[in-house]
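To keep things clear, I will list the structure first and then write my remarks on it.
Protein chains in written order, with the numbering used here: chain A, 21 to 248; chain B, 163 to 385.
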């Protein structure tokens, strides 16, 4: 079992009905590295993240996380992955603290950790307000807290800084940024920011991997083609 | 079981805060009894008719809860949050079955006195323990099938239709056994002992469906 590569994809393919959303994507991501997934809306970025989060099955090819093949051994790696996606995965009628306590119990995390992450995202003062009463930025901060609550070894970050103001971005940087030291898969509408953080880039267009390699090897023309 | 208890606690907390499900069930049950009271023009019903009105009313009230059981999980990402956690997926089944069972019991706490007031024969008091035993077994059957059906329906666009369309035929044996079992208990001068045959049918129905639902539930959570 090779645990050096956190992610290993070989010919990963996924369909939704007749439409192929990911077509034969292959790459390897080593521990501690950041993968930036670039591409316009509908390129397959979120689908890739959902497969890596064990929420979707691949239809062809192989996917290994921490050396474990998905989806068969997905149960072994679930607790090692944190997902920060488009949806906050928080119940609107519960408070931020109640949501985090719920997630802490699901992940068998000590309750003290809830206060720790609330402090880390600067939400301790609004932690007892229902989620529906919070602004989008505050919900996003709670979502960051939820994603890192169980100290995941792999973070899947889909537009993680959306709705965050610069101060909040700075606040969550040690949790989900490069400083966290965690292996990350990152999608962003801002390619320059994503490229600055990445060790490896996956350029997706119509589900195909048009570029896999280091940021330095991605020329302007290829980058431009990813968003056309 | 610890995970199931965590989810169940969360569901009960959300219901206590929003009061979206149980009060609707109360309202439906009471309104239906009032309609029967005036529609049939009778102060008391007895035997099979009383049992049928009580059982069908509680079943329809239960359909409201079945339709709403997984809505928060679907709309607020509860499914994904649960599937991301390193826990046994059948915990969700046990939690939702428990929540639905408690919603049905809470409905009956209000619906039974309303039924007694508007439609029941005067002797309901003496057969009440046996009636409650039947209703508890029926609630368990509705909770098991309701959870299973709701988990299927929530992935479809027409979930409000799919719940009753799939659920009612599957619940027909429970409806028949409950109504037949309750009938001799809802006549004046009825004794306290419940008909053993229908109790056994209900218990067997609950057991078989629970085993099937536990076995299949994991697949229903897959996208």
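Beta carbons: idealized from backbone N, C-alpha and C, even for Gly. These numbers were taken from a predicted model, which means no experiment stands behind them.
- Query: Name the chain A residues that come within less than 8 Å of residue 239 (chain B), Cβ to Cβ?
  - Reply: What you label residue 239 (chain B) is simply residue 77 of the second chain in a count that begins at 1. Here the neighbours are 107, 108, 109, 110.
Exercise. Using a Cβ-Cβ cut-off of 8 Å (strictly less than) and excluding sequence neighbours within five positions of residue 311 (chain B), which residues of its own chain qualify?
Worked result: In the second chain, counting from the first residue as 1, residue 311 (chain B) sits at position 149. Around residue 311 (chain B): 228, 324, 325, 328, 329, 332.
Notebook entry, point to check: Does the beta-carbon of residue 21 (chain A) have 16 or more other beta-carbons within 10 angstroms, so that it is buried, or is it exposed?
Noted result: For the purposes of this step, residue 21 (chain A) is taken as residue 1 along the first chain, with counting starting at 1. Reliability fails at residue 21 (chain A), whose pLDDT of 45 lies under 50, so the model's placement of it is uncertain and the value that follows must be treated cautiously. It counts as exposed.
* Going by the beta-carbon positions, is the gap between residue 147 (chain A) and residue 117 (chain A) smaller than 8 Å? -> Looking up residue 147 (chain A) in the first chain gives position 127. Looking up residue 117 (chain A) in the first chain gives position 97. It is a contact, given that the beta carbons lie within the stated cut-off.
Next item on the list: Can you tell me which of the three DSSP states residue 30 (chain A) falls into?
Entry: Counting from one through the first chain, the residue named residue 30 (chain A) turns up at place 10. Residue state, collapsed to three classes: strand.
Answer yes or no: does any C-beta atom of chain B fall closer than 8 Å to that of residue 184 (chain A)?
-> Position 164 of the first chain, counted from the first residue, corresponds to residue 184 (chain A). Answer no: the Cβ-Cβ gap between residue 184 (chain A) and chain B never drops below 8 Å.
### Query
In this structure, does DSSP put residue 247 (chain A) in helix, strand or coil?
Residue 247 (chain A) sits at position 227 when you count from the first residue of the first chain. DSSP places residue 247 (chain A) in coil when its eight states are reduced to three.
### Query
Which residue from A:158, A:203, A:171, A:220 puts its Cα closest to that of residue 133 (chain A)?
If you number the first chain from 1, residue 133 (chain A) lands on position 113. Residue A:171 is the option with its Cα nearest to residue 133 (chain A).
- Query: Could you give the C-beta distance for residue 364 (chain B) and residue 299 (chain B), rounded to a whole number, given that I count them as a contact under 8 Å?
  - Reply: Counted from its first residue, the second chain places residue 364 (chain B) at position 202. Counted from its first residue, the second chain places residue 299 (chain B) at position 137. Indeed, because the Cβ distance is near 4 Å, the residues count as touching under 8 Å.
_Taking 8 Å as the threshold (C-beta atoms), are residue 309 (chain B) and residue 268 (chain B) in contact?_
As a position in the second chain, residue 268 (chain B) is number 106, starting the count at 1. As a position in the second chain, residue 309 (chain B) is number 147, starting the count at 1. No, the pair does not count as a contact, with Cβ atoms beyond the cut-off.
Point to revise | residue 178 (chain A) and residue 106 (chain A) closer than 8 Å at C-beta | key: Reading the first chain from its first residue, position 158 is the one you call residue 178 (chain A). Reading the first chain from its first residue, position 86 is the one you call residue 106 (chain A). Closer than 8 Å, so yes.
Review point. What are the boundary residues of the beta strand (DSSP E) that includes residue 48 (chain A)?
Key: Position 28 of the first chain, counted from the first residue, corresponds to residue 48 (chain A). Residues 39-50.
Chain B residues whose Cβ lies nearer than 9 Å to that of residue 73 (chain A):
Locating residue 73 (chain A) in the first chain gives position 53, counting from the first residue. Within 9 Å Cβ-Cβ: 242, 245, 246.
*asked:* Considering only the alpha carbon of each residue, which of A:129, A:165, A:203 lies closest to residue 144 (chain A)?
replied: Numbered from its first residue, the first chain carries residue 144 (chain A) at position 124. Residue 144 (chain A) has its Cα closest to that of A:165, out of A:129, A:165, A:203.
_Against chain B, with Cβ distances strictly below 8 Å, would residue 21 (chain A) count as a contact?_
Numbered from 1 along the first chain, position 1 holds the residue referred to as residue 21 (chain A). With a pLDDT of 45 at residue 21 (chain A), under the threshold of 50, the predicted position of this residue should be treated as unreliable, though the coordinate-derived value follows. Output row for residue 21 (chain A): interface = no.
Entirely within the segment 290-354 of chain B and at least 4 residues each: give me those alpha helix (DSSP H) ranges in chain order.
290-315, 321-344
Next item on the list: Return the chain-ordered list of same chain residues with a C-beta closer than 7 Å to the C-beta of residue 340 (chain B), the five sequence neighbours on each side being excluded.
Entry: The residue given as residue 340 (chain B) occupies position 178 in the second chain. For residue 340 (chain B), where only same-chain residues beyond five positions count, the Cβ hits under 7 Å are 217, 296, 300, 364.
Give every residue of the same chain whose Cβ lies closer than 7 Å to the Cβ of residue 177 (chain B), excluding the five residues on either side of it in the sequence, and list them in chain order. As a working mapping, residue 177 (chain B) is identified with position 15 in the second chain. Hits under 7 Å: 183, 184.
Under 7 Å between beta-carbons, which chain B residues line up against residue 113 (chain A)? List them in chain order, please. Position 93 of the first chain, counting from 1, holds the residue named residue 113 (chain A). 176, 179, 180, listed in chain order.
Practice task
Flag this pair as touching only if the segment 191-209 of chain A and the segment 39-58 of chain A have three or more C-beta atom pairs under 8 Å; answer yes or no.
Solution key: yes
Does the beta-carbon of residue 209 (chain A) have 16 or more other beta-carbons within 10 angstroms, so that it is buried, or is it exposed?
-> On the first chain, position 189 is the one that residue 209 (chain A) refers to. Exposed.
Check your understanding: Along chain A, which residues have their Cβ under 8 Å away from the Cβ of residue 258 (chain B)?
Key -> One-based indexing of the second chain puts residue 258 (chain B) at position 96. Those within 8 Å of residue 258 (chain B) in chain A number zero; the least Cβ separation is about 15 Å.
Query - Same chain, Cβ closer than 8 Å to residue 226 (chain B), neighbours up to 5 away in sequence not counted - result: Residue numbering aside, residue 226 (chain B) sits at position 64 when the second chain is read from its first letter. Closer than 8 Å at the Cβ level, and outside the excluded window around residue 226 (chain B), lie 183, 186, 187, 190.
Q) Out of A:76, A:115, A:173, which has the shortest C-alpha to C-alpha gap to residue 163 (chain A)? A) Residue numbering aside, residue 163 (chain A) sits at position 143 when the first chain is read from its first letter. The shortest C-alpha separation from residue 163 (chain A) is found at A:115.
*Just the C-alpha distance for residue 315 (chain B) and residue 288 (chain B), rounded to the nearest angstrom, thanks.*
Counting from one through the second chain, the residue named residue 315 (chain B) turns up at place 153. Counting from one through the second chain, the residue named residue 288 (chain B) turns up at place 126. In a straight line, the C-alpha of residue 315 (chain B) is about 40 Å away from that of residue 288 (chain B).
Fill in: 8 Å Cβ cutoff, residue 127 (chain A) in contact with chain B
To locate residue 127 (chain A), count along the first chain from 1; it is residue 107. Yes, residue 127 (chain A) counts as interfacial toward chain B.
### Query
Rounded to a whole number of angstroms, what is the C-alpha to C-alpha distance between residue 317 (chain B) and residue 232 (chain B)?
Here the question's residue 317 (chain B) lines up with position 155 in the second chain. Here the question's residue 232 (chain B) lines up with position 70 in the second chain. Going by the C-alpha atoms only, they are around 10 Å apart.
Item to complete: Count the CB pairs spanning the segment 84-102 of chain A and the segment 163-172 of chain B that are closer than 8 Å, and state whether there are at least three.
Response: no
Between the CA atoms of residue 168 (chain A) and residue 139 (chain A) - distance to the nearest angstrom: Here residue 139 (chain A) corresponds to residue number 119 of the first chain, with the count starting at 1. Here residue 168 (chain A) corresponds to residue number 148 of the first chain, with the count starting at 1. If you take the alpha carbons of residue 139 (chain A) and residue 168 (chain A), they lie about 13 Å apart.
Query - Contacts of residue 123 (chain A) in chain B (Cβ-Cβ under 8 Å) - result: Translated into positions along the first chain, residue 123 (chain A) becomes position 103. Going along chain B in sequence order, the residues near residue 123 (chain A) (Cβ under 8 Å) are 243, 247.
Alpha helix (DSSP H) segments (min. 4 residues) lying fully within the segment 165-216 of chain B
184-202
Less than 8 Å between the beta carbons of residue 81 (chain A) and residue 29 (chain A), yes or no? For the purposes of this step, residue 81 (chain A) is taken as residue 61 along the first chain, with counting starting at 1. For the purposes of this step, residue 29 (chain A) is taken as residue 9 along the first chain, with counting starting at 1. Yes, these two residues count as a Cβ contact at 8 Å.
**OP:** Just mark residue 270 (chain B) as buried or exposed, buried being the case when its beta carbon has 16 or more other beta carbons within 10 Å.
**Re:** Here residue 270 (chain B) corresponds to residue number 108 of the second chain, with the count starting at 1. The residue is buried, with at least 16 neighbouring Cβ atoms inside 10 Å.
If I measure Cβ to Cβ from residue 210 (chain B) and keep anything under 6 Å in the same chain, skipping five residues before and after, which residues do I get?
The residue you call residue 210 (chain B) lines up with position 48 of the second chain. Hits under 6 Å: 345.
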